[in-house]
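91 is the number of the first residue of the sequence shown in the working numbering; add one for each residue after it.
For reference, the structure is listed below as C-alpha cells.
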Amino acid sequence: MTRDEFITILKEELKNLPSAEVEDILYDYEEHFEVGLSKGKTEEEIAKELGNPKTIAKSYKANYRINNAENNPSTKNLFSAILAAVSLGFFNLVFVLGPFIGL
91 MTRDEFITIL
101 KEELKNLPSA
111 EVEDILYDYE
121 EHFEVGLSKG
131 KTEEEIAKEL
141 GNPKTIAKSY
151 KANYRINNAE
161 NNPSTKNLFS
171 AILAAVSLGF
181 FNLVFVLGPF
191 IGL
C-alpha cells in the first residue's frame with residue numbers, strides 16, 4: 091500500500107470525527123511516512139509497519155467516543171462509547187486474533 095492509499099483510507103474512515111482531530115491524526119501519520127522514508131524505507135514497508143488504516147481509525151473512533159462519554163456523560167454518549175468498545179473488540183478478535191487461531 092502506498093502512502094497516498096494509506097492516508098486516503100485513514101481519512102475516509104475518520105470522517106465522523108471532528109475535522110481538527112482528523113487533521114492532527116493525518117499529520118502524525120504523514121510524519122511517520124516522512125521519518126521512514128528518510129531512513130530508506132519504502133512507502134509499502136512503512137504502511138505495513140503502521141498496520142491496517144481501518145483498524146487504526148476504529149481505535150481512534152472508539153477512543154473519541156469513550157472520551158466524549160467521560161466528558162459529557164449522557165445516555166447517548168455512554169451507549170455510543172459502549173458500542174464503540176464492543177465493536178472494536180469484535181473487530182480485533184476476528185481480524186487480528188482470527189488468523190492466529192485459524193478462523
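Think of the CB as a built atom: it goes at the ideal place given N, C-alpha and C, for glycine as much as any other residue.
Problem - Buried or exposed (CB count within 10 angstroms, at least 16 for buried), residue 148 - result: Residue 148 comes out buried.
TODO: Helix, strand or coil for residue 108, going by three-state DSSP, please let me know.
DONE: DSSP, reduced to helix, strand and coil, places residue 108 outside both helices and strands of the structure shown, so it counts as coil.
### Residue range of the alpha helix (DSSP H) that includes residue 101
Element bounds for residue 101: 93-103.
Q: On a CA-only basis, which of 100, 102, 95 and 107 is nearest residue 156? Give me that one, please.
A: Looking at the Cα atoms, 107 is the closest of the given residues.
Return yes when the Cβ of residue 95 is within less than 9 Å of the Cβ of residue 104, no when it is not.
No, Cβ-Cβ distance for residue 104 and residue 95 is not below 9 Å.
Put residue 141 into one of helix, strand or coil per three-state DSSP. Judged by DSSP in its simplified three-state form, residue 141 adopts coil rather than helix or strand.
| query | Quick one: Cα of residue 141 to Cα of residue 135, how far? | reply | Their Cα atoms are separated by approximately 10 Å.
**Item:** Neighbour-count burial assignment, residue 117, 16 or more Cβ in a 10 Å radius
**Value:** Exposed, since its Cβ has fewer than 16 Cβ neighbours within 10 Å.
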